[in-house]
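Peer 1: Number 211 in this note's numbering belongs to position 45 of the sequence shown; there are no gaps in the numbering.
Just so you know, even glycine gets a beta-carbon here, dropped at the ideal spot from N, CA and C.
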Amino acid sequence: MKGLTHTLSQKAKGESPLSYLLERAHIQNRVSEQVKAELPKKAQDYFCGIALKSNELIVFFSNAIWVNRMTYESTALLMRLKQKQIVPMDLARLHIKALPSERKPTPKAPRQANHPSDAMKESLTDSVESIQDEKIRTVFKRLCSK
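1) What does DSSP give as the partner residue(s) for K263 in the beta ladder?
2) Buried or exposed, going by whether 16 or more other CB atoms sit within 10 Å of the CB of L243?
3) Using the C-alpha atoms, what's the distance from R259 back to M167?
4) What separation, rounded to the nearest whole angstrom, lies between the Cα atoms of D211 and K287?
5) Please say whether I224 and A217 have beta carbons closer to each other than 7 Å?
6) In terms of residues, what are the limits of the alpha helix (DSSP H) holding L218?
7) In chain order, what residues of the same chain have a beta carbon less than 8 Å from the beta carbon of L170, not counting five sequence neighbours either side?
8) Does the separation of the CB atoms of I262 and V305 fall below 7 Å?
9) Out of curiosity, what's the CA-to-CA distance linking I302 and S296?
10) Candidates I193, C214, A191 and H192: which alpha carbon is nearest K202's?
11) For a test of the three-state rule: what should DSSP assign to A279, helix, strand or coil?
Below is the structure:
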């Protein structure tokens with residue numbers, strides 16, 4: 167409901183919703199660059215972007231290791247961002263999340279049937295007659311015939 171009333175108030179001021187979206191995109195881009203500048207140098211390589219919501223900031227990384235590292239540092243990062251007035255002081259939460267990889271799964275190779283080698287067949291054939299149990303002997307004979 168808040169977004170609707172804000173859009174209506176923008177229209178009342180004579181601004182189009184498109185100009186509002188453009189302004190939001192510029193703000194998000196600026197904040198994204200400033201957040202990236204506050205990250206450790208190695209983390210900047212895996213930084214993907216941010217999402218600004220009414221009461222929270224979500225920071226995305228492409229590497230799960232950096233998601234874990236930055237999760238531990240999220241409180242300190244949020245304090246730095248507030249001190250430098252990059253984000254509003256009333257921002258309540260900072261989430262660190264991973265973006266899923268865009269790689270497609272590799273296709274699985276068709277399974278090949280496992281057949282005993284000739285040496286194994288010969289060994290089984292030699293020992294099959296010494297097996298007392300009829301069921302086991304039958305199974306071994308089937309293996310030898312493949």
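Peer 2: On the basis of the coordinates in this document:
1) Your numbering for residue 263 matches position 97 in the sequence shown. For K263, which the question treats as bridged, DSSP gives the partners F226.
2) Counting from one through the sequence shown, the residue named residue 243 turns up at place 77. By the 10 Å Cβ count, L243 comes out buried.
3) Here residue 167 refers to the residue found at position 1 of the sequence shown. Here residue 259 refers to the residue found at position 93 of the sequence shown. The pLDDT assigned to M167 is 33, lower than 50, so where the model puts this residue is not dependable, and the model offers no usable value.
4) Position 45 of the sequence shown, counted from the first residue, corresponds to residue 211. Position 121 of the sequence shown, counted from the first residue, corresponds to residue 287. Taking C-alpha positions only, D211 is separated from K287 by approximately 57 Å.
5) For the purposes of this step, residue 217 is taken as residue 51 along the sequence shown, with counting starting at 1. For the purposes of this step, residue 224 is taken as residue 58 along the sequence shown, with counting starting at 1. Taking 7 Å as the cut-off, the Cβ atoms of A217 and I224 count as close.
6) Within the sequence shown, the letter at position 52 stands for residue 218. No alpha helix (DSSP H) holds L218; the beta strand (DSSP E) holding it covers F213 to L218.
7) Counting from 1 along the sequence shown, the entry for residue 170 is found at position 4. The predicted position of L170 is uncertain, since its pLDDT is 38 and thus under 50; a value taken from the coordinates is nonetheless stated next. Within the same chain, L170 has no close Cβ partners at all.
8) The residue given as residue 262 occupies position 96 in the sequence shown. The residue given as residue 305 occupies position 139 in the sequence shown. Not closer than 7 Å, so no.
9) Translated into positions along the sequence shown, residue 302 becomes position 136. Translated into positions along the sequence shown, residue 296 becomes position 130. So the two alpha carbons sit approximately 11 Å from each other.
10) Here residue 202 corresponds to residue number 36 of the sequence shown, with the count starting at 1. Cα-wise, what sits closest to K202 is C214.
11) In the sequence shown, counting from the first residue as 1, residue 279 sits at position 113. In this structure, DSSP gives A279 a state outside helix and strand, which the three-state scheme calls coil.
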